[in-house]
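Count the sequence shown with the working numbering and you get residues 4 to 86, in order. Idealized CB from N, CA, C, for every residue including glycine. The structure presented is a predicted model; accordingly, all values stated were derived computationally and were not measured.
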Amino acid sequence: PAAGGERFIVSAGSFIWQDWYDVGREAKIGGIKVPVGTPGAGKTFPYLTTLNSEKAKTVLKIEFRDKLATLRDTVEDFQARGW
């Protein structure tokens, strides 16, 4: 009922691809090549937009996963499919 007619941002937050490259190297998952890019660049990047998903967390009771867990699960699934 509380979600009826509402719009929600469903995102854990803003990111640039360098954030994912850094996490990929940190994860040390076998079988994948991770671009190097400019390590750490995401920590000081001035985002042009920011995402606030507090309403989704509160109303929908969503708990977002961190990048490391998301990457590990995604790669594991892709490898299981032979991709």
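Three-state secondary structure (DSSP) at residue i?
i	result
K70	helix
R75	helix
V62	helix
G85	coil
Return the CA-CA distance between residue i and residue j, expressed in angstroms with no decimal places.
i	j	result
T47	G34	30 Å
Y24	I32	12 Å
T53	T73	20 Å
I65	E57	9 Å
V37	D80	17 Å
K70	V26	7 Å
A30	W20	15 Å
Taking its Cβ as the centre, do 16 or more other Cβ atoms sit within 10 Å of residue i, making it buried, or is it exposed?
i	result
D76	exposed
V62	exposed
G43	exposed
V13	exposed
G45	buried
Inset, instruction - Pick out the complete alpha helix (DSSP H) segments inside the stretch 5-35, 4 residues or longer, and give them in chain order. - result: 20-30
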